[in-house]
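Chemist: No gaps in the numbering here: position 261 of the sequence shown is 261 in UniProt numbering, and each next residue is one more. Note that beta-carbon positions come from the ideal geometry of N, C-alpha and C, so glycine has one too. Just passing along the structure, written as structure tokens.
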Amino acid sequence: MFRIRHCPARRLPCQLRPLRRRLPRGGVATGRFTNGYNFIDVIAQHLGFEQSPPAFVSVSRGDNPVSKGVNFASGGSGIMVKVFLDIVESVNLLMSSKGSVLRCDVTGKILMKCFLSGMPDLKLGLNDKIGLEKESQLKSKPAKSGKTIELDDVTFHQCVNLTRFNSEKTVSFVPPDDEFELMKYRITEGVNLPFRVLPTIKELGRTRMEINVKVKSIFGAKMFALGVVVKVPVPKQTAKTSFQVTSGRAKYNAAIDCIVWKIRKFPGQTESTMSAEIELISTMAEKKSWTRPPIQMEFQTNRHQKCWFWQVPMFTASGLRVRFLKVWEKSGYNTVEWVRYITKAGSYEIRC
Numbered sequence: 001m002f003r004i005r006h007c008p009a010r011r012l013p014c015q016l017r018p019l020r021r022r023l024p025r026g027g028v029a030t031g032r033f034t035n036g037y038n039f040i041d042v043i044a045q046h047l048g049f050e051q052s053p054p055a056f057v058s059v060s061r062g063d064n065p066v067s068k069g070v071n072f073a074s075g076g077s078g079i080m081v082k083v084f085l086d087i088v089e090s091v092n093l094l095m096s097s098k099g100s101v102l103r104c105d106v107t108g109k110i111l112m113k114c115f116l117s118g119m120p121d122l123k124l125g126l127n128d129k130i131g132l133e134k135e136s137q138l139k140s141k142p143a144k145s146g147k148t149i150e151l152d153d154v155t156f157h158q159c160v161n162l163t164r165f166n167s168e169k170t171v172s173f174v175p176p177d178d179e180f181e182l183m184k185y186r187i188t189e190g191v192n193l194p195f196r197v198l199p200t201i202k203e204l205g206r207t208r209m210e211i212n213v214k215v216k217s218i219f220g221a222k223m224f225a226l227g228v229v230v231k232v233p234v235p236k237q238t239a240k241t242s243f244q245v246t247s248g249r250a251k252y253n254a255a256i257d258c259i260v261w262k263i264r265k266f267p268g269q270t271e272s273t274m275s276a277e278i279e280l281i282s283t284m285a286e287k288k289s290w291t292r293p294p295i296q297m298e299f300q301t302n303r304h305q306k307c308w309f310w311q312v313p314m315f316t317a318s319g320l321r322v323r324f325l326k327v328w329e330k331s332g333y334n335t336v337e338w339v340r341y342i343t344k345a346g347s348y349e350i351r352c
């Protein structure tokens with residue numbers, strides 16, 4: 001750290017706008033001192049520099065250190081070169097009480113965070129149908145067998161080479177240093193549902209009701225869902241409730257007229273049930289039948305996958321898979337890539 005000594009007080013008045021205060025005489029906040037200097041100019045003078053660093057540096061100049069990239073050195077242990085890739089998907093579902101799908105789609109995004117030295121060129125390969133067909137045409141080889149998906153409404157980050165994508169259908173880019181959203185997409189066909197909910201509601205007269213809800217996890221047995229919340233609606237005239245659950249906890253929330261069933265960890269290929277007895281107010285004047293709102297679900301499934309385990313099957317609602325992630329840099333260093341698939345609930349509703 002350094003200290004500035006003998007700095008005249010007349011250089012320090014600044015036109016920065018105070019919190020919730022207006023500048024006198026209708027002045028405009030410029031961020032500069034009254035003598036025309038900004039803060040970095042004053043620091044540069046007292047450190048002995050002839051001039052302060054320029055506000056903008058052209059990346060087209062060959063001698064520009066910015067154009068040479070960033071060097072992520074880790075002391076004497078070498079260079080830290082890692083790429084973190086997150087595939088985050090939200091499942092939107094509307095299912096009938098009999099289990100038929102009325103509406104279903106997936107919205108997804110790919111998030112990246114890179115610790116790479118220099119200015120590397122990255123190429124990402126997915127199992128999308130158009131990309132695999134284009135790759136087989138360029139290589140004059142038949143496309144490999146396996147599940148392919150069709151991506152809709154795709155948008156890319158500004159670092160992606162769109163010209164190369166239009167011609168080769170490959171996602172090529174030079175990543176920025178900070179975390180960024182590489183692309184967004186949408187899937188409307190071939191959606192893999194993570195959960196199936198089977199509700200049963202019996203109205204026993206006008207004062208009693210029985211509710212049974214069975215939740216089945218359809219994803220792989222080696223995976224699990226976190227923070228599963230099932231919101232089962234009940235009539236506004238509910239006076240008393242009692243529950244029995246095979247896992248988790250259930251509680252009646254009168255503010256939202258729902259039984260909130262929470263399961264902290266839900267393994268794959270398992271099922272859990274909740275049985276509830278509802279007592280209604282006996283002086284209910286309405287004779288109309290209760291209009292049942294849909295059951296709502298919240299959840300999140302995730303699991304890490306390292307680069308050499310990319311063949312391990314992992315759950316995504318769309319079926320999207322990262323086939324490869326190639327990194328080219330003139331120094332030829334080796335990289336370590338981490339991929340994580342996260343599937344969570346968007347609007348996940350089941351009519352009852």
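1. Identify the continuous beta strand (DSSP E) that holds Thr291 and give its terminal residues.
2. Looking only at its own chain, which residues have a Cβ that is under 6 angstroms from the Cβ of residue 362, when we skip the five neighbours before and after it?
3. Since Arg206 and Leu280 are thought to touch, with beta carbons under 8 angstroms apart, how far apart are those beta carbons, to the nearest angstrom?
4. Rank Cys352, Lys82, Ser247 and Glu329 by C-alpha distance to the C-alpha of Pro120 and give the top, closest one.
5. Taking the beta carbon of Pro176 as the centre, do at least 16 other beta carbons fall within 10 Å, making it buried, or is it exposed?
6. With DSSP as the reference, please indicate the residues paired to residue 353 in a beta bridge.
7. Name, in chain order, the residues that DSSP records as bridge partners for Lys326.
8. For the beta strand (DSSP E) that contains Leu243, what are its first and last residues?
9. First and last residue of the beta strand (DSSP E) that includes Ser172?
10. Does DSSP put Phe165 in a helix, in a strand, or in coil?
11. What three-state label does DSSP hand Ile218 in the structure shown?
12. Classify Glu89: buried if its beta carbon has 16 or more other beta carbons within 10 angstroms, exposed otherwise.
13. Which class does residue 354 belong to by DSSP, given the choice of helix, strand or coil?
14. How far does the beta strand (DSSP E) with Ala317 in it extend, from its first residue to its last?
15. Grab me the residues of Met297's own chain with a C-beta within less than 6 angstroms of its C-beta, minus the 5 sequence neighbours each way, in chain order.
16. For Ala317, count neighbouring C-beta atoms within 10 Å of its own C-beta (all shown protein chains included) and say buried if the count is 16 or more, exposed if not.
17. Hey, out of Arg323, Asn334 and Val228, whose CA is closest to Phe299's CA?
18. Mind checking which residues open and close the beta strand (DSSP E) that includes Met274?
19. For Thr148 and Asp128, which I take to be in contact (beta-carbon distance under 8 angstroms), what is that distance rounded to the nearest angstrom?
20. Please return the same chain residues whose Cβ sits closer than 6 angstroms to the Cβ of Leu325, not counting the five positions on each side in sequence.
21. Is it buried or exposed for Leu182, if we count other Cβ within 10 angstroms and need 16 for buried?
22. If we ignore side chains and look at the alpha-carbon of each, how far apart do Cys258 and Gln269 end up?
23. Give the straight-line distance between the Cα atoms of Arg186 and Leu204, rounded to the nearest whole angstrom.
24. Please name the residue, chosen from Asn253, Ala254, Pro233 and Thr188, that lies closest to Val101 on a Cα-to-Cα basis.
Modeler: The relevant details are as follows:
1. Thr291 -> no beta strand (DSSP E), and no H or E assigned at all.
2. Only positions 1 to 352 of the chain appear in this structure, which leaves residue 362 out of reach.
3. 7 angstroms
4. Glu329
5. exposed
6. A query on residue 353 cannot be resolved here, the shown segment of the chain reaching from 1 to 352 and no further.
7. Lys123
8. The question names Leu, but residue 243 is Phe in the sequence shown. Element bounds for Phe243: Thr238 to Val245.
9. For Ser172, the enclosing beta strand (DSSP E) stretches over residues Val171 to Phe173.
10. Phe165 falls in the helix class under three-state DSSP.
11. coil
12. buried
13. This structure cannot speak to residue 354, because the chain is shown only from 1 to 352.
14. Per DSSP, Ala317 belongs to no beta strand (DSSP E) and is neither H nor E.
15. When the five nearest sequence neighbours on each side are left out, the beta carbons in the same chain lying within less than 6 angstroms of the beta carbon of Met297 are those of Val230, Ala345 and Tyr348, in order along the chain.
16. buried
17. Val228
18. Glu271 to Leu280
19. In this structure Thr148 is in contact with Asp128, their Cβ atoms being roughly 7 angstroms apart against a cut-off of 8 angstroms.
20. Excluding positions up to five away in sequence, the list reads Leu124 and Glu337.
21. buried
22. In this structure, the straight-line span from the alpha carbon of Cys258 to that of Gln269 is close to 27 angstroms.
23. Their Cα atoms are separated by approximately 44 angstroms.
24. Nearest C-alpha to Val101: Thr188.
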